[in-house]
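Heads up: the sequence shown begins at 9 in the working numbering, then just goes up one per residue.
Here a beta-carbon is modelled for each residue, glycine too, at the ideal position from N, C-alpha and C.
Structure, as structure tokens:
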Amino acid sequence: GIGCVSSAGASAPASMRRRAKGGSTRRGKPPKVSVSDGIGCVPSEPRNFVADAGPGCVIAHSVNVPWALGSELIDLRDYDRGAVFPDLAVDPESGTLSVVNATGKQRVAYITVYDHPVLKKDGTAHTQGRTVSSQGVERACVTFILLLPPRAILHAATLTDPTSEIDSDVQDWSEHPTPEDTHTKLMRFPLKGGPYLCTQGENGHLTHFFAGNTHAIDFRCPVGTDLLAVADARVVTVKDDETCSGIATANLFKWNSVMLKILTDGGDFCDEIDDGATPSTTPSTIATGTKKNPPLKKGEKQHRRGGDLFVEYVHVNAGSVCVSVGDFVKAGTKICESGSVGFSPEPHLHFTAFRSDDASAATTRVRFFGNDGCGNTNNTSGVTKNKEGTKCTFLPTAGRWYDATGEVPGPGA
9 GIGCVSSAGA SAPASMRRRA KGGSTRRGKP PKVSVSDGIG CVPSEPRNFV ADAGPGCVIA
69 HSVNVPWALG SELIDLRDYD RGAVFPDLAV DPESGTLSVV NATGKQRVAY ITVYDHPVLK
129 KDGTAHTQGR TVSSQGVERA CVTFILLLPP RAILHAATLT DPTSEIDSDV QDWSEHPTPE
189 DTHTKLMRFP LKGGPYLCTQ GENGHLTHFF AGNTHAIDFR CPVGTDLLAV ADARVVTVKD
249 DETCSGIATA NLFKWNSVML KILTDGGDFC DEIDDGATPS TTPSTIATGT KKNPPLKKGE
309 KQHRRGGDLF VEYVHVNAGS VCVSVGDFVK AGTKICESGS VGFSPEPHLH FTAFRSDDAS
369 AATTRVRFFG NDGCGNTNNT SGVTKNKEGT KCTFLPTAGR WYDATGEVPG PGA
């Protein structure tokens, strides 16, 4: 909910006033949160994300950010019993926007402020992005994507108009249960032509830091780019009737997508990583099935295994899907066209894989293989054994360019 802070200051929304102790109000201290930069953990600095791919998005994975007005811990002893803590609070006089996490868990908050400028601590305005509704109405906006530590308040910004329209969604953060999980099936590249810039990779700072998105890969591409089946598969779900776009929080719940269930046995379906290889521990390099890497240690096999595999293409263009649920598609077949539908700061493909088609499933890592041998790949690639011999594989990383051959020089390089 959205509350109002008292006119005395931005430190405590009116619905959660502090008790006076010893004749004075006790002040909270800025929280110091220890975070890890491992895969599946929350990065303390921008990670695996191209910053200009999120126009209008303001990202913080801690409360210690230079653009914020300040932060403090919530000590429940300082508040009246039964105090109500809103998710958001706006001071009607100063315009201070405060984001509150009074729970004992980390929480993710998406907050969109429409139309009016939103100011940083130094008084300069955050860059605005845009959003377009399903009815075609375009609006300027700023969207905060915040990961808040337990029992903390972030005084995020100053609203130039305290009555600005705000849209928000606040939920508990979902940590990936097995962040090194890697499926053995190798994928073909999902876009036709190229090269394409990877704008967000595994555990990316913008939206790939929770269980349902941890291993997702984003590629910047023009609307209408052909999207191809990454393997022989059956079509599981199709949705291409939505038209909204941009960074409005409401768009998180509206998107277009195609999901395929990959066929993982028989013939061409057996392009798989050798089970004797060692799983990668970084998103940028892997060399599997080689003498340089020992076999899996006892207890490590759960990190890389076969089994059911589903892949999803998200943000696809409205009306562009050319397959139907139940269809069999061969690897390389066009299934739809890219777009910018849903929560999408710019046109791109969001590609991700799961071991289940359940809506709450966590992602799994999949690797791609180059289609012309090892000639065009470099240090983001590895040599992987499979039943046909060796293949060069790659795992796209933000800021690098890719096509069906692997990583390639970007335009003008």
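Collapsed DSSP secondary structure at residue i in the structure displayed
i, result
"Asp422", "Because the chain spans 9 through 421 in this model, residue 422 falls outside it and cannot be assessed."
"Asp180", "strand"
"Asp248", "coil"
"Leu403", "coil"
"Ala285", "For Ala285, the pLDDT reaches just 38, beneath the cut-off of 50, and the residue's location in the model is therefore unreliable, although a value from the coordinates is still provided. Here Ala285 sits in coil by DSSP."
"Ala165", "strand"
"Ala256", "coil"
"Arg35", "Note that Arg35 scores a pLDDT of 32, beneath 50, so its modelled location is shaky; the value from the coordinates is reported in the next line. If DSSP states are grouped into helix, strand and coil, Arg35 belongs with coil."
"Phe261", "helix"
"Ala117", "strand"
"Ala421", "coil"
"Asp60", "helix"
"Asp411", "strand"
Top-ranked residue by Cα proximity to residue i, from the options
i, options, result
"Leu105", "Lys247, Leu162, Thr215, Pro355", "Leu162"
"Glu210", "Asp123, Asp226, Phe197, Asp60", "Asp226"
"Thr111", "His124, Val349, Leu155", "Leu155"
"His323", "Val238, Val374, Ser70, Thr233", "Thr233"
"His134", "Ser70, Gly62, Val140", "Gly62"
"Asp199", "Gly420, Pro419, Gly414", "The question names Asp, but residue 199 is Leu in the sequence shown. It is Gly414 whose Cα lies nearest to the Cα of Leu199."
"His184", "Pro94, Ala224, Asp86", "Ala224"
"Thr190", "Arg373, Gly144, Val416, Arg408", "Arg373"
"Pro125", "Arg147, Ala117, Arg115, Tyr118", "Arg147"
"Phe261", "Asp130, Glu188, Thr132, Tyr118", "Tyr118"
"Ala256", "Gly64, Leu268, Pro94, Ala164", "Gly64"
"Phe217", "Gly420, Val416, Arg55", "Arg55"
"Ala237", "Leu403, Pro100, His356, Glu345", "Glu345"
"Leu235", "Gly420, Asp411, Phe57", "Asp411"
"Pro187", "Ala165, Thr222, Gly201, Trp181", "Thr222"
CA-to-CA distance, residue j to residue i, given in whole angstroms
i, j, result
"Leu96", "Val108", "6 Å"
"Gly31", "Ala91", "With a pLDDT of only 29 at Gly31, under the threshold of 50, the placement of this residue in the model should not be trusted; the figure read from the coordinates follows. Rounded to the nearest angstrom, the two C-alpha atoms are 20 Å apart."
"Val435", "Pro353", "Residue 435 cannot be examined here, being either before or after the span of the chain that is shown, 9 to 421."
"Gly418", "Gly347", "22 Å"
"Gly220", "Ala370", "5 Å"
"Tyr122", "Ser172", "6 Å"
"Val150", "Thr272", "43 Å"
"Asp86", "Cys206", "47 Å"
"Pro203", "Val319", "21 Å"
"Asp175", "Val73", "22 Å"
"Tyr321", "Pro404", "16 Å"
"Ala406", "Leu127", "29 Å"
"Val337", "Val331", "8 Å"
"Gly314", "Lys193", "7 Å"
First through last residue of the beta strand (DSSP E) which encompasses residue i
i, result
"Ile153", "146 to 156"
"Thr192", "190 to 195"
"Arg228", "225 to 228"
"Trp75", "Where Trp75 is concerned, there is no enclosing beta strand (DSSP E), given that its DSSP letter is neither H nor E."
"His358", "356 to 362"
"Phe377", "373 to 377"
"Lys129", "Unbroken run through Lys129: none, as it is neither H nor E."
is_contact[residue i, chain D] using C-beta, thresh 7 Å
i, result
"Gln143", "Among the chains of the structure shown, chain D does not appear; only one protein chain is present."
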